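Its first residue numbered 5, the sequence shown is counted upward by one per residue in the numbering used here. What follows is a single structure, written as structure tokens, with notes after it.
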Amino acid sequence: MISESFKQDLLNRVDIVELVSRYVQLRRGGANHLGLCPFHNEKSPSFTVSPAKQFYHCFGCGAHGNAIGFLMSYAGLGYVEAVKELAASVGLQLPEWQPRSPEAAQRKERETDLYAVMERAMEFYRAELKNSPRAIDYLKQRGLTGEMAARFRIGYAPDDWQGLRAAFPGYDDKSLVECGLVVESEGKRYDRFRDRIMFPIFSARGAAIAFGGRVLDADAAGAAERGSPKYLNSPETPLFEKGREVYGLIQARDAIRAAHRVLVVEGYLDVVALAQFGIGYAVATLGTATTPVHVAKLLRLADELVFCFDGDAAGRKAAWRALENSLALASDAKPIRFMFLPEGDDPDSFVRRAGQEEFERRIVQSQTLSDHLLGEWRAASELGTAEGRSGFLTRAKPVLQKIGAPMLRLQLVKAVAELARVSQEEAERLLELGRATAYTRPAPPRIERSAVSLEWRLLARAFAKLSLAAAIDTGLLAREDEESQALAELIALVRQLRDPDSLDDRMIADLIRGARHADTLARAHAHLRLELKLEPEAAIAEFREFLEALRKRDSDDDRRLRERVLKGLASPEEQARFLQRSGFSGQERPLK
5 MISESFKQDL LNRVDIVELV SRYVQLRRGG ANHLGLCPFH NEKSPSFTVS PAKQFYHCFG
65 CGAHGNAIGF LMSYAGLGYV EAVKELAASV GLQLPEWQPR SPEAAQRKER ETDLYAVMER
125 AMEFYRAELK NSPRAIDYLK QRGLTGEMAA RFRIGYAPDD WQGLRAAFPG YDDKSLVECG
185 LVVESEGKRY DRFRDRIMFP IFSARGAAIA FGGRVLDADA AGAAERGSPK YLNSPETPLF
245 EKGREVYGLI QARDAIRAAH RVLVVEGYLD VVALAQFGIG YAVATLGTAT TPVHVAKLLR
305 LADELVFCFD GDAAGRKAAW RALENSLALA SDAKPIRFMF LPEGDDPDSF VRRAGQEEFE
365 RRIVQSQTLS DHLLGEWRAA SELGTAEGRS GFLTRAKPVL QKIGAPMLRL QLVKAVAELA
425 RVSQEEAERL LELGRATAYT RPAPPRIERS AVSLEWRLLA RAFAKLSLAA AIDTGLLARE
485 DEESQALAEL IALVRQLRDP DSLDDRMIAD LIRGARHADT LARAHAHLRL ELKLEPEAAI
545 AEFREFLEAL RKRDSDDDRR LRERVLKGLA SPEEQARFLQ RSGFSGQERP LK
């Protein structure tokens, strides 16, 4: 079985719009994308794909689901095969499944407790802000309104070594250390955050998972002398991994959808200030360079990704790191841009000085990824000499090899070839450019939604009472497909058991784990338990009904007709005849 955590990690990395676009022509319609449904014949588009929810739905036939479900329905893949296919497309290795150990189950339960601890800490810090005139004055001096402080749930950590004891009478509880709120050293405990403005960091579901604390400006020099940083973030915890999260995403989501753009800045106060000035689509990284996970997450939400950096050397260096981590994820349809502010300015100071209109004008005029690349290479190369042009090609080579968007890479190769005074063919050979590394896959034959076999229906319901399988005549099965072969294997396994109906779900899982068709058997077992959710009596009754239909479906003509339908070769008339003969309702599909 595939763990829920792996499944969620996979879905977080896959862009369903990009996936569906490989097989269906989509066009933007408001916040969603529209197209003709691939699961039924229609002339007007009723099939929608939501980039924000990472979900598809057809208002015509009711097909719906996530990226895994789409690949299963469209390509006719099993659950495990679809997960493997998607995992390979984003560079994930499918882990070997192992039953959750008691320690793992306890750790999962512990995470739930930690969310409650973080929520209580956040409310404590917010209450402390109201009681600290000094902290309130600082925020006012920075130009923040009370509305913005409330929207971002900003708080204040008091200047007290054990201030959290007021919120947590059990201050010695290990959960405070696990959450990164308390430091334990040499047998002593003290608050990690003291005398700092507190910015909560939220998960995608809106739960507080970490904090960023900033010293008050008047104390910045003193904090530096004490070795205390200006910004202090939570350490990584069971709830928080800084390379995967961004600050302000929960508050920015609606604005990102409306603008179709996301702006990445470096400071928490930058995000808040921009939101106050009407630029609500900004987020910030958490004291670390932008990672590929950040880029993938943000490109799923927006049609344009803009990085905003200071114009000094440090800003340029940070921009280059962000560019390197964006190359493999760059899309032909979603531009990535780089915006540089005047030296001495940050987004907070610039938007207050120049205003929203000027700030957004600079966003629109910001450099594209290709312009930034070519500009950096030109600045570092003497293109008037052979040696300079050779160095120019050398710099371009590793970067161009990482770009996954085929059209973007082609345009860059042409530009590089022109600047280096070589032909495009010579440039491609010198740069050793093979096929683009972006994940592509030829469109597989479409599996019609109605073509759910009797073998699949019988296989799923057999798990309600295993002895039922022994009553099936294997001579009636169509032996060409996976479902028939899996059902035949289950029949053979059941006939070897003295009392098959005494097996519980765990024993059934053990029984099929080593089977040749283990994936299909596990999927059918899960289909009965998780999707059909039939009472045993109802499942048994349906099994007998489908078994009777199987016994009637034994002529050579029926077998040939069934093969044509399952291979997608049948005409509409043949499909209708097949449904009538086989008793298919067209309402059931294998588990997604």
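For every residue, glycine included, the Cβ atom is placed at its ideal position computed from N, Cα and C. It should be emphasised that the depicted structure is a prediction, and the values quoted were computed from it without experimental measurement.
Spatial neighbours of E432 in its own chain (CB-CB distance under 7 Å, excluding positions within 5 residues in sequence) are listed in chain order as V417. Note: R365 is not bridge-paired with any residue in the DSSP secondary-structure output. Nearest C-alpha to C312 among L305, I340, K144: I340. Closest option to I72, judged by alpha-carbon separation, among L133, E380, F10, A35: F10.
With a cut-off of 8 Å on Cβ pairs, the stretch 461-468 is in contact with the stretch 489-499, counting three or more such pairs. With a 10 Å radius around the Cβ and a threshold of 16 neighbouring Cβ atoms, T52 comes out buried. V268 sits in a strand when the DSSP states are folded into three classes. Contact between Y129 and G159 holds: CB atoms are separated by about 3 Å, below the 8 Å threshold.
L278 is the residue among E8, L278, G210 whose C-alpha sits nearest the C-alpha of Q360.
Contact check for D316 and E347: beta-carbon distance about 5 Å, within the 8 Å limit, so the pair qualifies.
In this structure, DSSP gives S48 a state outside helix and strand, which the three-state scheme calls coil.
Residue range 340-344 is occupied by the beta strand (DSSP E) that includes R341. For T389, the three-state secondary structure derived from DSSP is coil. Residue range 540-556 is occupied by the alpha helix (DSSP H) that includes K556. Around H264, the same chain offers A306, D307, E308 as residues with beta carbons nearer than 8 Å, after the five sequence neighbours per side are excluded. Straight through space, the alpha carbons of E127 and S189 are spaced by roughly 26 Å. The three-state reading of DSSP puts D221 in helix, counting H, G and I together. Comparing alpha carbon positions, the residue from N329, A466, D352 closest to G284 is D352.
The continuous stretches of alpha helix (DSSP H) do not include S7, and DSSP gives it neither H nor E.
Secondary structure at D195: strand, using DSSP grouped into helix, strand and coil. Counting along the chain, V299 sits inside the alpha helix (DSSP H) bounded by residues 296-305. Under the DSSP assignment, A161 falls in the beta strand (DSSP E) whose first and last residues are 159-161. In this structure N36 is buried. Its beta-carbon is surrounded by 16 or more other beta-carbon atoms within 10 angstroms.
Excluding the 5 residues flanking it on each side, F396 has same chain C-beta neighbours closer than 7 Å at W381, S385, L387, L423, A424, in chain order. DSSP places E430 in the uninterrupted alpha helix (DSSP H) bounded by 428-434. In the displayed model, S394 falls within a helix according to three-state DSSP.
According to DSSP, residue pairing for C183 in a beta bridge does not occur. Where I205 is concerned, there is no enclosing alpha helix (DSSP H), although the beta strand (DSSP E) around it starts and stops at 200-206. Note that the C-beta distance between M202 and G184 is not below 9 Å.
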